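Novice: Every position in the sequence shown, counted from 1, becomes a number in our numbering once 1 is added.
Glycine is no exception: its CB is placed at the ideal position from the N, C-alpha and C atoms.
Bear in mind the structure is a predicted one, so any value in this text is a computation, not a measurement.
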Amino acid sequence: MALPKDHRIVELDKKIEEVRKQYDLYLSGLRKTEPASMLADVEVSILRATRQMAGSSTVVQFQIRALAHRFRSLQAQIKRFLDRRDTYIKSKLEESFSADVEEIGQTIFVDRAVTENPALIHSKIRSLIRSAGNGPNVYPDEIANILIAKAQKV
Numbered sequence: 002m003a004l005p006k007d008h009r010i011v012e013l014d015k016k017i018e019e020v021r022k023q024y025d026l027y028l029s030g031l032r033k034t035e036p037a038s039m040l041a042d043v044e045v046s047i048l049r050a051t052r053q054m055a056g057s058s059t060v061v062q063f064q065i066r067a068l069a070h071r072f073r074s075l076q077a078q079i080k081r082f083l084d085r086r087d088t089y090i091k092s093k094l095e096e097s098f099s100a101d102v103e104e105i106g107q108t109i110f111v112d113r114a115v116t117e118n119p120a121l122i123h124s125k126i127r128s129l130i131r132s133a134g135n136g137p138n139v140y141p142d143e144i145a146n147i148l149i150a151k152a153q154k155v
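1) Quick one: what does DSSP say Thr34 is sitting in, helix, strand or coil?
2) If the criterion is Cβ atoms closer than 9 Å, does the pair Ile17 and Val43 meet it?
3) Span of the alpha helix (DSSP H) holding Lys16?
4) Tell me whether Asn146 sits in a helix, a strand or coil according to DSSP, three-state version.
5) Among Thr88, Ala145, Leu31 and Tyr140, whose alpha-carbon lies nearest the alpha-carbon of Asn118?
6) Quick check on Ser57: does DSSP put it in helix, strand or coil?
7) When DSSP labels each residue in this structure, what does Tyr140 get in the three-state scheme?
8) Have a look at Lys93, Arg9 and Leu40 and flag the residue whose alpha-carbon is nearest the alpha-carbon of Arg52.
9) Would you tell me roughly how many angstroms separate the C-alpha atoms of Gly56 and Gln64, rounded to the nearest one?
10) Give me the Cα-Cα distance between Tyr27 and Leu148, rounded to the nearest whole angstrom.
11) Classify Ile122: buried if its beta carbon has 16 or more other beta carbons within 10 angstroms, exposed otherwise.
12) Buried or exposed for Ala150, going by 16 or more other Cβ atoms inside 10 Å?
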């Protein structure tokens with residue numbers, strides 16, 4: 002006879018499966034927005050469960066660890082798919098705009114949605130600078146304001 006599962010295990014299993022389904026929909030194009038918030042919620046739930054498993058039985062500890070490993074595997078798989086898709090899109094953009102743009106990484110395309118909501122460009126510039134490493138005398142807000150001003154002139 003199988004042991005009954007802990008309610009935390011069942012809940013985490015359902016959450017992980019739901020995240021997998023939502024990312025399948027997102028990557029297939031049926032869902033418009035990335036379910037990153039769901040992914041973060043599940044990650045917090047798993048961290049909480051692993052911290053609270055100290056007094057649990059060995060079976061429950063094993064099941065929580067197995068779910069945590071399954072979730073980490075799902076995260077890695079999602080990251081690989083998103084990276085491949087970004088690389089594919091970047092290569093297609095480079096093919097399309099190779100005559101006009103020397104290096105696609107130096108070009109930022111700004112549309113009306115960005116000029117109407119400057120917080121988007123500010124956050125994008127901050128993330129680009131953060132990923133490149135903060136250099137001396139780099140002010141992301143000034144760069145964003147310059148880009149927004151140029152975009153509004155067009």
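Specialist: Based on what the coordinates show:
1) coil
2) yes
3) His8 to Ser29
4) helix
5) Ala145
6) coil
7) coil
8) Arg9
9) 14 Å
10) 30 Å
11) buried
12) exposed
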